[in-house]
Amino acid sequence: MTNVPAFAQAQGSQTQAAQVPIGNADIRKPVVEASQGYWRSVWGRLKRDKVTMTVTVILALIVLMAIFAPYVTVYDPYAGGIMRRLKPIGTPGHWLGTDETGRDMWSRLAYGARLSLLTGILPVAVALGVGGLLGVIAGYAGGIVNTLIMRTMDVFYAFPSILLAIAICGMLGSGMTNAILALSIVFIPPMVRISESVTTQVRTLDFVDAARASGTTTSQIIRHHILNNVMGTIIVYATSLISISIVLSAGLSFLGLGAKPPQAEWGLMLTSLRQAIYVQPLVAALPGFMIFITSMCFNLMSDGFRGAMDIKLNK
Amino acid sequence: MAQAAQTPIVDVRDLKVEFRRREQSVAAVNGVTFSLMPGEVLTILGESGSGKSVTLKALMGLVPDYAHVSGTALVAGKDVVGMSKDELRKIRGPVVSMIFQEPMTALDPVFTIGDQIAEIIRTHEGLSHRAAMKRALELLEMVSIPSAARRLKNYPHEMSGGMRQRAMIAMALACRPSVLLADEPTTALDVTVQIQILLLLRQIQKEMGMAVVFVTHDVGVAAEISDQVAVMYAGRLVETGTVYEVLSERSHPYTEGLLSSTVHGGMKGQPLDMIRGQPPNLAALPPGCSFAPRCNQAAESCHRVDAPSVTLGPGRLVRCIRAQPLLAAE
Amino acid sequence: MSTPAPYKVYMPPVPEEIRGGKAQPLLIVDKLRKYFPVRGGVLNRVTAMVKAVDDVTFEVQKGEVLGIVGESGCGKSTTARLVMQLIKPDAGTLVYDGDPVGAFRGISVSALRRKVQMVFQESFASLNPRLSISDSISYAPKMHGTPRAEADERTERLLRDVGLNPAQFARRYPHELSGGQRQRVNIARALALEPKLLILDESVSALDKSVEAQVLNLLVELKQKRDLTYMFISHDLNVVEFISDRVLVMYLGKVVETGPVDEIYRNPRHPYTKALLRSKPSFDPAHRTTEMPLTGDPPSPLNPPSGCRFRTRCAFAESVCAAKVPELAATPDSPPQHEVSCHMFVAGSGHSRAISGGLS
């Protein structure tokens, strides 16, 4: 071999060097970024996502508007007046106009956000708790428990969600509480299904086996290893349901199954303004516009969260 | 020189593939140059993230749209870089074709093996279905699939891993390509099946006089199949030469490290010579030679200045400052 | 066996270090069996059995590395999970250091799981992505009541032992690490309960070669430092040869050959072992493999061949091979630790090559 002495020498030194630092993995100079932690890295990614940030700000404004409705409005949302019926948008004093009984639209939209958001979010929250739990149980236990829970959910799945909600409402009678209850029942099956499928996935990962192999009990595994990894996905899915829930609850009110007049609620407002559509089409469309904006914002926000929370996607 | 007699079937000059996403741009392949004569087997040897698979895909125009490809890559005299989708479709099959690591994802699950092979032959050569099926049968026999006639009617999921890989090879060979690209085709297989596939590829390659670019991370596989070897690290070829030259001379410290850290017989009882540290992150490559942070022969300058590419002989390149004295010695 | 007899009830408890004695195998696995039912049809009835592990018997001596090698579907990973009791065996007994597992007067499954730990192949899947590195490592000790301060200190020491700087890595999350670093964390996590036996199930197979060498060196070093015993499972014949003292060759749920590593690699007896070793790619381009050691793929463990399971691919198969299951036994002309299950090495088995004591 025509190998050069310099090279052979270098090879010799390599053998020596290899004996000293066994398993020296971190030879790269300490990287500046110390670990950021999961949630902080999610936040970092969210910050860069302009769409998600915008819709989140819009939603925050809507929520603030609902909470501080008495402070951001001048008129009583229930006080009407024959003389100021159906004023157009831009009327001095009533910048969003008035409805068919002369109530200030801005006041009614702001107050209406309270009920609309409540009927949008509450059913999803209930479904998240009940459905999420059932799903985790079904997914982790498997076998007969899984079959029982999942087949029961399939029965509910057989009906389209709006039909099911109307049917339940019809059974329970109309009214706000019943509408919320009906929607909760509607959202439980999809919640169970998602949470079951995520749990089943996580359950088969090796780290669960590793935890079992070091003597961790089932309840500890569920609390520390399963829930931790399942929660993110379930919550993101739940936020996407909120958008549907808002539309559905507005729909129920529109049909007279939810909020009752003279309550301020976007869906109900849409019904009562229906007759005014030829007189003041823009005013009549306002509640629908709010429903559309809120629902779409929830949807986009949920999409953004899903992207930001999926580590593998961003790896 | 030998090049005068024949023109290379694959001639890649300064090939770069950059993945541009949002604010960052990652050069997965960063200036790769090599050429391959008809009937030769070139193995690109490298670890994960070295850019070996991307190089291969670039030769077939299979890189995603957000990838920016520059340089030239002549395959059978035509430059693949910048070729339109239509032109690419025309060369895929009769000129260049590819086999993958996981045949299950490369084969269509809803068609039988026979239909899939026949379909390719019909598109490119306009044969009748019957004639194409006859060719498909010959192909399955060529890749030594037992009871080939019956296998023609099988769906991919009805075959074992080794048989699927053979079926995929048959499919790739359907239009008698002059260049076959193989992306780790034996990595997912069991060792007793791997050797069968390697022997099969070698035999078919000889019979058809086909050039093969073979990508692997396994030195043993490279030794079994290659005529030429190119060692790739962080998007660049750090050492090229014949299989004998690269495996026995090992002029680049990375090649040396890779070979001595690959466990094989007779290494028992002593610590393995190993390369320190982790393979580099392509998004944050160190300045200078990208291997310098892991190199135990790195000079101070290696951390600042990129290593030059030193020619030691025809087709024999080493990208290392240490390679220069070697040239002087020869 | 040198186990203290169970009736000596008045003896003070034996300190753990000398429990069972030096010569007592750390683990005895006897006739371990696991069949997975395959359900199908309208009524979801059991239509077939995957005989994943079928009467597997072996011992792991204290301080040795037992390599288990075989192709996909040979049951090596199932064996590991059975030993860990992650899957319930259908039959068979485990004896840990003289104590039968899960039996009266024996060792409980949960106690066994503290003595035996496992490192999996997928470095990412085996770490909880929501726990930081240090939380992952200290999880099990904390769960078992180790005080926080002590557990944290142990975690830091473990990280150092596996070659990761705690200041740099302890607070990181799995996705922020490279494959090799994650596998080091997995090793540290497995060592956190201070086990005696570490099962390494394809633990280096997914790593790049340069990183694989680092982790192998680390494993060798840890074994000496901590007086560990390994069960090293891999499909990579070279790696198994490098690290093992003894080797177990499996094929379709059965042990076909076992013995000291040099015996197996220099002097293989079973036709399957021979073919397996000849299938290794040669590292010398001047001496390439020229003929196929075996043809075809390994058959599916779903309803495997009768008798000797290798007979369908074996060049020496005769009628006796289909009729009778060969026993794992020592051959007349090899050291007693070297056992083969092949009719060719059993005198009077009825195989035409058996009389002469087998082939070369």
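Residue numbers (our numbering), protein chains in the order written: chain A, 1 to 315; chain Z, 316 to 645; chain Y, 646 to 1005.
For every residue, glycine included, the Cβ atom is placed at its ideal position computed from N, Cα and C.
These numbers come from a predicted model, not from an experiment.
Per DSSP, what kind of secondary structure is residue i in: helix, strand or coil?
i      : result
Z/D505 : coil
A/K29  : Residue placement at A/K29 is flagged as unreliable, the pLDDT there being 38, under the threshold of 50; a coordinate-derived value is accordingly withheld.
A/N299 : helix
Z/N345 : strand
Y/Y741 : strand
Y/I888 : helix
Z/D498 : strand
Z/T678 : What the structure shows of chain Z is the stretch from 316 to 645, and residue 678 of chain Z is not part of that stretch, so it cannot be assessed.
Y/T918 : helix
A/Y75  : coil
Y/K733 : coil
Y/Q828 : helix
Y/R923 : helix
Y/V985 : strand
Z/H618 : helix
Z/S363 : coil
Z/K393 : strand
Y/Y896 : strand
Step through the CB atoms of chain Y and report whether any lies within less than 7 Å of the CB of residue i.
i      : result
Z/E571 : no
A/H225 : yes
A/G143 : no
Z/M589 : yes
A/D209 : yes
A/S197 : no
A/G215 : yes
Z/L514 : yes
A/D206 : yes
Less than 7 Å between CB atoms is the rule here; does residue i satisfy it with respect to chain Z?
i       : result
Y/R816  : no
Y/D942  : yes
Y/N810  : no
Y/T1046 : No statement about residue 1046 of chain Y is possible, as the shown extent of chain Y runs from 646 to 1005 and does not include it.
Y/M937  : yes
Y/S779  : no
From which residue to which residue does the beta strand (DSSP E) around residue i run?
i      : result
Z/E333 : 325-336
Y/Y818 : Neither: Y/Y818 is in no beta strand (DSSP E) and is coded neither H nor E.
Z/A388 : 382-390
Y/S879 : 874-879
Z/F529 : 526-531
Z/R634 : 631-634
Z/G556 : 551-557
Looking at the unbroken alpha helix (DSSP H) that takes in residue i, where does it start and where does it end?
i      : result
Z/L360 : Not the alpha helix (DSSP H): Z/L360 falls in the beta strand (DSSP E), residues 356-360.
A/P261 : That residue, A/P261, is in no alpha helix (DSSP H); it is neither H nor E in DSSP.
Z/I435 : 428-440
Z/E453 : 444-457
Z/M483 : 476-487
Y/D907 : 906-911
A/I180 : 176-203
Of all Cβ atoms in chain A, is any one closer than 7 Å to the Cβ of residue i?
i      : result
Y/M876 : no
Y/S755 : yes
Y/N773 : yes
Y/A833 : no
Y/A785 : yes
For the pair the stretch 678-689 of chain Y and the stretch 899-914 of chain Y, tell me if three or more CB-CB distances fall below 8 Å. Between the stretch 678-689 of chain Y and the stretch 899-914 of chain Y there are fewer than three C-beta pairs closer than 8 Å, too few to call the two in contact.
For the pair the stretch 130-137 of chain A and the stretch 92-108 of chain A, tell me if three or more CB-CB distances fall below 8 Å. Judged by Cβ distances under 8 Å, the stretch 130-137 of chain A makes no contact with the stretch 92-108 of chain A, as fewer than three pairs qualify.
For the pair the stretch 358-373 of chain Z and the stretch 524-544 of chain Z, tell me if three or more CB-CB distances fall below 8 Å. Contact between the stretch 358-373 of chain Z and the stretch 524-544 of chain Z is present, because at least three Cβ pairs lie under 8 Å.
Segment contact, 8 Å Cβ cut-off, at least three pairs: the stretch 423-433 of chain Z with the stretch 464-476 of chain Z: A contact exists between the stretch 423-433 of chain Z and the stretch 464-476 of chain Z.
Starting from the N-terminal side, write out each stretch of the alpha helix (DSSP H) that is 4 residues or longer and does not extend beyond the stretch 124-160 of chain A. Entirely contained in the stretch 124-160 of chain A, the alpha helix (DSSP H) runs reaching 4 residues are, in chain order, 143-157.
If you pair each beta-carbon of the stretch 322-334 of chain Z with each one of the stretch 60-67 of chain A, do three or more pairs fall below 8 Å? Judged by Cβ distances under 8 Å, the stretch 322-334 of chain Z makes no contact with the stretch 60-67 of chain A, as fewer than three pairs qualify.
If you scan the stretch 670-737 of chain Y from start to end, which runs of the alpha helix (DSSP H) of 4 or more residues do you find wholly inside it? You should have 721-728.
Given 8 Å, three or more beta-carbon pairs between the stretch 791-804 of chain Y and the stretch 214-227 of chain A: The answer is no - the stretch 214-227 of chain A does not touch the stretch 791-804 of chain Y, with fewer than three Cβ pairs under 8 Å.
With contact counted as at least three CB pairs below 8 Å, one residue from each stretch, are the stretch 851-859 of chain Y and the stretch 589-597 of chain Z in contact? With the cut-off at 8 Å, the stretch 851-859 of chain Y and the stretch 589-597 of chain Z touch.
Counting Cβ pairs, one atom from each stretch, are 3 or more of them under 8 Å apart for the stretch 190-199 of chain A and the stretch 732-744 of chain Y? The count of Cβ pairs closer than 8 Å, one atom from the stretch 190-199 of chain A and one from the stretch 732-744 of chain Y, stays below three, leaving the stretches out of contact.
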